[in-house]
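Encoded as structure tokens, the structure appears first; notes follow it.
There are 2 protein chains.
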Amino acid sequence: METRRDVFQAIADPTRRAIIILLATQAMTPNALAEHFQTSRQAVSKHLRILTECHLAKPEQKGREIFYTLEAEKMKEIDKWLTQFRKIWETRFSQLDNVLANLKKQKK
Amino acid sequence: METRRDVFQAIADPTRRAIIILLATQAMTPNALAEHFQTSRQAVSKHLRILTECHLAKPEQKGREIFYTLEAEKMKEIDKWLTQFRKIWETRFSQLDNVLANLKKQKK
DNA sequence: ATTTTGCGAAACCAAATAGTTGCATATATA
DNA sequence: TATATATGCAACTATTTGGTTTCGCAAAAT
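Chains as they are written, first to last, in my numbering: chain A, 2 to 109; chain B, 2 to 109.
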């Protein structure tokens, strides 16, 4: 839990993905988050630490509570990484289009 | 290395992401892939096994060689997951738009 | 002033992970 | 046929991971 710390590793864990989705709707405290899972508050806190360290979440102290906010922009990193594969999807699609076009031709 | 096996976990490892990008350009054998890294061929084979098991790669035997092809469509799963956050980016953007619009108004 | 609540940090643990080395097997090549 | 090549698989290892329990501290509530 020490060395690597990037967005890809952060979203690898299903609990963290669930936390991220919860934070997408509203800022939440570790306790409030923990109620949604079977794990302890401390475990959730560890996940929040990881999310914070890779700038996917941001803590905001209010009294004795700490509300964690989602930094959704950080997710753009993943979106950007996916870009190089979108080209492939599109190519595949256009290839399928060609096949369909040829089938039409043959029918005529 | 046994239980979890999904796309998110697959792309968490930097070596696997590099393999994915290499495969995006062309089908490659484990040996050819291993030349690009410091690790052993066997280590690359293990990564390929993981990628294959979660349908990000597909092996195609040709003689004694096995060419691995990228199944880019599988990456759409991640793209789909990101969808729910794109709304937030857009919202932020439109909020910024509002701010800019208000600034314009004030100038007038 | 005392107790309760909310939190992070540290110490510890079991399981997963990424890597290694040493095979066995199948296909080319000499 | 004998050898070299390409690969996957099994066993083993060190490190990382996700979790727990225990603790201390600060802010609220009593």
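Glycine included, C-beta positions come from ideal geometry on N, C-alpha and C.
Would you say residue i and residue j are within 8 Å of each other, going by their C-beta atoms?
| i | j | result |
| --- | --- | --- |
| VAL45/A | LEU52/A | no |
| ALA25/A | GLN85/B | yes |
| ARG6/A | GLU72/A | no |
Measure the C-alpha to C-alpha separation of residue i and residue j and round it to an integer number of angstroms.
| i | j | result |
| --- | --- | --- |
| GLN27/B | GLU78/A | 24 Å |
| ALA19/A | ALA13/B | 17 Å |
| ILE67/A | ASN32/A | 9 Å |
| TRP90/A | ASP80/A | 15 Å |
| ALA11/A | THR30/B | 30 Å |
| SER41/A | PRO60/A | 19 Å |
| HIS37/A | ARG17/A | 12 Å |
| MET183/B | GLY64/A | Because chain B in this structure spans residues 2 to 109, residue 183/B falls outside the shown range and cannot be described. |
| LEU49/B | GLU74/A | 31 Å |
| HIS56/B | GLN43/A | 35 Å |
| LYS47/B | LEU23/A | 34 Å |
| ARG87/B | GLN62/A | 27 Å |
| THR92/B | TYR69/A | 19 Å |
| ILE21/B | GLN39/A | 34 Å |
| PHE9/A | PRO15/B | 9 Å |
| TRP82/B | LEU83/A | 12 Å |
Between residue i and chain A, is the shortest Cβ-Cβ distance under 8 Å, so that the two count as touching?
| i | result |
| --- | --- |
| LEU52/B | no |
| MET76/B | yes |
| PHE68/B | no |
| ARG6/B | no |
| ALA73/B | yes |
| ARG18/B | yes |
| GLN43/B | no |
| GLN10/B | yes |
If we cut at 8 Å on Cβ distances, does residue i have a partner in chain B?
| i | result |
| --- | --- |
| LEU83/A | yes |
| ALA35/A | no |
| GLN62/A | no |
| ALA13/A | yes |
| ALA28/A | no |
| GLU38/A | In the sequence on display, residue 38/A carries Phe and not Glu. No, PHE38/A does not count as interfacial toward chain B. |
| ALA58/A | no |
Identify every run of the alpha helix (DSSP H) within the segment 18-66 of chain B, keeping only runs that are complete inside it and at least 4 residues long; order them along the chain. 31-35 and 42-54
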